[in-house]
Structure formats: C-alpha cells, structure tokens
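Its first residue numbered -19, the sequence shown is counted upward by one per residue in my numbering.
C-beta atoms are modelled at their ideal positions from N, C-alpha and C, and glycine is treated no differently.
These notes concern the structure reproduced below.
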Amino acid sequence: MSLLQEMGVYARVAELASFTQAAQSLGLPKASVSAAVQRLEAVLGTRLLHRTTRRVQMTQDGLAFYERCKDMLADVEELQTMFRPAPSALRGRLRIDMPLGAARNIVVPRLPEFMAAHPALEVELSSTDRRVDVVREGFDCVLRAGSLVDSSLVARPLGHYRMVNCVSPGYVATHGIPFTLDDLPRHRLVHYVPTLGARSAGFEYVDEAAGPQTLFLPMPGPLSVNNSEAYLAACLAGLGMIQVPEAAVRRLFADGQLVEVLPAWRAAPLPVSLLYAHRRHLPQRVQAFMAWVAEILQPHLVPIGTAPP
C-alpha cells in the first residue's frame, strides 16, 4: 500500500471514528486498515489516534494531519479529473450535513435527479439539529440555517427563509386564534430549546417601528422540545403554536393541517448558508453539489438584500 493510499485509509478511519466501519467502507480487512495507520504513525513519529475498546478519536496531531490529508487527496483527485470533459465523470464520496427540515422537504425529494446525473458518486447524508464539527467529523460541506459562529469555515450565503407562526385546526377549536400580541398570554407556545432544561426566550417577532428590532415575548406552554421533528409534530397535535420556516410547512398549509396566525408579527428571517473548510481546492464533486443545492433551494428562499414580505 502506497503512502497516498495509507493517507486515504487514515482519513476514512478518522471520519468514521472506527477501524471496523472504515474497513467495511473501503472493502479491506480490518487488519490491513489498522496496519496502514500504524505505518503512518511510525513514519510520522507521532500518535494520530486515541484507541479504546469503545471509540477511536483523533489526537491533536492526528487532526492537523487529517486536514493536510484532505487537501492532498483533493489535489490528487483534481489532477486525475481535470481533463475529464463531462461533469457526469464525477466520482468518489460526498459527505454532507443539513437540517432535518431541509433534508425532508427539499433536498431528499430531489436527490434522485442529482444521483442519476452522477451515478459514480457515493453520498453520505447526515441530517440532524446538532451543529456538527465540519473538520473533525470529515464533512465536505454543510447546509446551515441561522446565524454563523464558526469563523474558521468558508460561508456561502444563499438567502434566507421567511418565518411563519402556525397552529393546527385542533388548537384553534380549543383555544381560538390570536389576532394581536396582547392575545398571546392566553395562548400556548411549543418551546424549542437546543438543550432540555434551557429556558425558551418565548415568542419572537420583529418590531418594524423600532428599527426594525427583534423582540421576544414570554409565553406559557407546558411542552419543550429539542428536535425540529418533535417541534412540528407537537404543533400538528394541537399542543401549541410554533415558529418555523414557511418552506417547511407550505404543504401542510395547503392541506389544511396547519393555519398561519399573526402574519404581521413574524420572527426575523433565518439566514441560510453553505459552509465548508478552508482548502486550496474544493473537489469538483463538492462544487457540483453546492451549486445544485443552491439551485433547488432558490425557490424557497428570499434573496439576500431583499426584505421578506
């Protein structure tokens, strides 16, 4: 096995945090994968991975080496593909992450056309409300909705989601419809919190007369959730009001399963961005996927610099 092949093996182990899964993914014996990593450590003179019976984790040196491996492997791939005339020649593995709602409502329903156009690609799609570590977990790119805090990543802004307030017909039958902010203390909000036990800020709205300014109004509500799927399910069950991107509930509005309320008091628009690690060259497969995602998301987003209606 060449040094370059060993680097590819190490990168796979680091991304999957498992020798067994890496071996299965690469179609190699586990012993060969372990031996390749051991040879790399011997050549480099440092330990790349912490190994226990339960998990495999990169050391600080291992993380630094992994980042360089990704750059070098991407450079080699670019050299191998730079003279291929058609984008259909894209091949390799694409590892991406995105919010649950975007995956379910927009990306996955359209994914067959992307994979049909690039049949040699292998796609690994992570979909979670948790903010993954792009570098440490080996993601090629991630789609994020909300404010950005990681300045070590390259951000490609795509636009923003228009937010809506909604309740179910069952909730309306029991509690009625709020028409003004003064009505909210008599209604219920399903509280979304990143971590259970955290305190919800309440009902979010933009006060245009104040600047505009984003404000929060505390609201009662016995249920708190930390997952977007449970958040939507709670609303459909009549447990309270939620505030979500309009794109996530458009079909539910059309089917009559949800009703929009307080359209004049929506939450601030939610920025949507593609993020990827700083690298000299992005593999063509990553560039192609990001261009495709930007295209299919465009009808669901308000363009940057445009005030959401």
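Taking residue i as part of the alpha helix (DSSP H), name the residues at either end of that continuous run.
i      : result
Gly118 : It is not in any alpha helix (DSSP H) - Gly118 carries neither H nor E in the DSSP assignment.
Val88  : 88 to 97
Leu232 : 226 to 234
Val273 : 264 to 277
Ala83  : Here Ala83 belongs to no alpha helix (DSSP H), and DSSP marks it neither H nor E.
Ser208 : 208 to 216
Does the separation of the CB atoms of residue i and residue j fall below 7 Å?
i        : j       : result
Phe45    : Leu28   : yes
Leu255   : Leu80   : no
Ser253   : Pro137  : yes
His280   : Ala228  : no
Val17    : Ala3    : no
Val241   : Pro174  : no
Val282   : His167  : no
Gly72    : Glu(-5) : no
Val114   : Val103  : no
Ala268   : Leu70   : yes
Leu203   : Ala213  : no
Ala(-3)  : Val36   : yes
Tyr(-10) : Leu20   : yes
Met199   : Leu164  : yes
Leu176   : Asn206  : yes
Since residue i and residue j should fall inside the 8 Å C-beta cutoff, what is the C-beta to C-beta distance between them, to a whole number of angstroms?
i        : j      : result
His265   : Leu101 : According to the sequence provided, residue 265 is Arg. The question's His does not apply to it. With 8 Å as the limit, Arg265 and Leu101 qualify as a contact, their Cβ atoms being about 6 Å apart.
Met(-19) : Cys49  : Not really, about 15 Å apart at Cβ, beyond 8 Å.
Val152   : Gly201 : In fact, because the Cβ distance is near 16 Å, the residues do not count as touching under 8 Å.
Met38    : Arg111 : That belief does not hold up - the Cβ atoms of Met38 and Arg111 are roughly 19 Å apart, past 8 Å.
What residue range does the beta strand (DSSP E) around residue i cover?
i      : result
Pro251 : 250 to 257
Ser106 : 101 to 107
Gly72  : 72 to 78
Val147 : 143 to 147
Val241 : 239 to 241
* Segment contact, 8 Å Cβ cut-off, at least three pairs: the region 174 to 194 with the region 212 to 220 -> As far as the Cβ criterion goes, the region 174 to 194 does not touch the region 212 to 220, which means the pair count is below three.
* Asked: For the 8 Å Cβ check, are there 3 or more pairs between the region 246 to 266 and the region 134 to 152?
  -> As far as the Cβ criterion goes, the region 246 to 266 touches the region 134 to 152, which means the pair count is three or higher.
* Would you call the region 188 to 197 and the region 118 to 131 in contact, with 3 or more CB pairs under 8 Å? -> Judged by Cβ distances under 8 Å, the region 188 to 197 makes no contact with the region 118 to 131, as fewer than three pairs qualify.
* **Validate contact between the region 262 to 277 and the region 147 to 164 using beta carbons, cut 8 Å, 3 pairs** => The region 262 to 277 is not in contact with the region 147 to 164.
* **In chain order, each beta strand (DSSP E) run of at least 3 residues that lies wholly inside the region 158 to 205** => With a minimum length of 3 residues, the continuous beta strand (DSSP E) runs that stay inside the region 158 to 205 are 183 to 187, 193 to 197.
* **Validate contact between the region 104 to 111 and the region 75 to 93 using beta carbons, cut 8 Å, 3 pairs** => With three or more CB-CB distances shorter than 8 Å, the region 104 to 111 counts as touching the region 75 to 93.
* Asked: Contact between the region 84 to 100 and the region 49 to 59: three or more CB pairs below 8 Å?
  -> No, they do not touch.
* Asked: In chain order, which beta strand (DSSP E) runs of at least 3 residues are fully inside the region -17 to 44?
  -> Here the runs fully enclosed are 29 to 31, 36 to 38.
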